[in-house]
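Down below is the structure, laid out as structure tokens.
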Amino acid sequence: MSGTITYGNENEGPFYIQHIHRTGSFERTQHMHDMFELYYLYEGERMYFIRDRSYLILPGDLVLINQRDLHATSDSEKLGHARVVINFAESLIAPTVNEAPFLLQAFTHASPVLRLDLPARRAVEGILDKLLHEAKDEMLGQDFAIRHYLTELLLFTARFVQTQPVASPEHVSPLHRKISTIVRHINTYFDSPLRLEELAEHFDISPAYLSRMFKEITGFSFVEYLNIVRVQEAQRLLVTTKLKVIEVSELAGFGSLVQFGRVFRQLTGMTPLRYRQQAERLQH
DNA sequence: CACGTTAGTTACACTCACTG
DNA sequence: CAGTGAGTGTAACTAACGTG
120 MSGTITYGNE NEGPFYIQHI HRTGSFERTQ HMHDMFELYY LYEGERMYFI
170 RDRSYLILPG DLVLINQRDL HATSDSEKLG HARVVINFAE SLIAPTVNEA
220 PFLLQAFTHA SPVLRLDLPA RRAVEGILDK LLHEAKDEML GQDFAIRHYL
270 TELLLFTARF VQTQPVASPE HVSPLHRKIS TIVRHINTYF DSPLRLEELA
320 EHFDISPAYL SRMFKEITGF SFVEYLNIVR VQEAQRLLVT TKLKVIEVSE
370 LAGFGSLVQF GRVFRQLTGM TPLRYRQQAE RLQH
């Protein structure tokens, strides 16, 4: 890895920026977190799976990922790429967003990928340069400057999606389209017992092939993905309702309370009740 | 206090998803 | 296609808490 600049903590934030230029192959990453993510590609090609489908990311693309949206990157056939990743917590810019709620609207836009024209690229790269410069060394007003340039970048994205209606890019291949359909199926029916074999039959594809392709395209295995979707629903129910843990477990599609507990702990590091209590404390 | 209810943990056996 | 291990269900236990 060369030319790496990092600032902040990738998982806790409140702000993290990383500039990477890689020539070789790149390990895949896949996760979900409470921060917003911005991804800008200078060179190369990447596959990016976001929420329920995959995108081929090309140079000059700016990718916007909302809080808690599942996402995964992997190499396309072409190896090597240069990119900037920014993660930031809502808390970092909360007062500003309060004043100007439209700043985050690009994150809920129909397509998470903004394909920038040349002037737009120059504008974004200029802001990124400033952010990278600020992140490099500690200096007077660093935090302020980072918030300032980040706000500038967000304003740019908000105006861009407002003025340039962005069409959703084509699916990379029919297989990608199919996996995307299956992912949406899982997102809809996660609360019922889902099995790979039945899913495969329903979508007319062999179970082994589905297992392989699902992992390759989404970055998650079938079971991993299903569990994440179920835990997300469980988290929502725990916070927004007063349902008992066993009821949450059933509504989220878990076969048993034991299994719910195991999976929940594995993904969140705490028990369901703890999660609810922690969320309650944060409310006040 | 004794009891019931709810939540969380562990052991063990099995099955099914993943992988080579 | 087949072997393997991760994931899952059942059962049995403990912990925490409220209630008569």
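One point on numbering: in our numbering, the residue at position 106 of the first sequence is 225, and numbering is uninterrupted.
For each residue, glycine too, the CB sits at the ideal point set by N, CA and C.
Values in this document were obtained by computation on a predicted structure and should not be read as measured data.
Buried or exposed (CB count within 10 angstroms, at least 16 for buried), residue i
i	result
LEU198	exposed
THR359	exposed
ASN346	buried
GLU257	exposed
VAL382	buried
MET120	Residue placement at MET120 cannot be trusted, given a pLDDT of 41 that sits under 50; the coordinates are not used to answer.
GLY312	In the sequence as presented, Gly is not what sits at residue 312; that position holds Pro. When all chains shown are included, PRO312 counts as exposed.
HIS295	buried
ALA191	buried
GLU399	exposed
GLN354	buried
THR148	exposed
THR282	exposed
ASN206	buried
VAL342	exposed
ARG314	exposed
VAL377	exposed
ALA319	buried
SER375	exposed
9 Å Cβ cutoff met for residue i and residue j
i	j	result
PHE195	LEU175	Phe is not the amino acid found at residue 195; the sequence shown has Ser there. The answer is yes: Cβ separation under 9 Å.
LEU386	ALA371	no
PHE322	LEU329	yes
GLU253	ALA242	no
VAL216	GLU156	no
SER299	ASP171	yes
HIS150	LEU211	no
LYS255	ILE124	yes
LEU272	LEU237	no
GLN402	MET389	no
SER193	MET154	no
DSSP beta-bridge partners of residue i
i	result
HIS138	ILE124, VAL203
GLY163	HIS200
ALA191	GLN149, PHE168
ARG234	ASP180
PHE155	PHE207
SER340	Partner(s): none; SER340 has no beta bridge.
GLU375	It is Ser, not Glu, that sits at residue 375 in the sequence shown. The partner list for SER375 (beta bridge, DSSP) is empty, contrary to what the question assumes.
TYR174	TYR167
Cβ distance (whole Å) where residue i is taken to contact residue j below 8 Å
i	j	result
ALA208	GLY132	4 Å
PHE226	ASN185	4 Å
LEU222	ALA277	6 Å
PRO391	VAL364	5 Å
ALA201	GLY163	6 Å
GLY179	ARG141	Contact doesn't hold; Cβ gap of about 18 Å is too wide.
HIS228	VAL280	5 Å
ILE336	PHE168	6 Å
Which listed residue (the options) has its alpha carbon closest to that of residue i
i	options	result
TYR126	VAL302, LEU251, PRO288, LEU362	LEU251
HIS267	PHE279, THR282, GLY380, LYS249	LYS249
GLU289	ASP310, LEU211, SER230, LEU376	SER230
LEU160	LEU177, MET154, ILE212, TYR167	LEU177
MET332	HIS140, SER292, VAL367, ARG187	SER292
HIS275	LEU235, VAL377, ARG395	A quick correction: the sequence has Phe, not His, at residue 275. Answer by Cα proximity: LEU235.
PRO214	GLY380, SER375, THR270, SER173	THR270
TYR308	GLU352, LEU237, ILE136, THR337	GLU352
ASN306	GLN137, GLU218, ARG384, TYR344	TYR344
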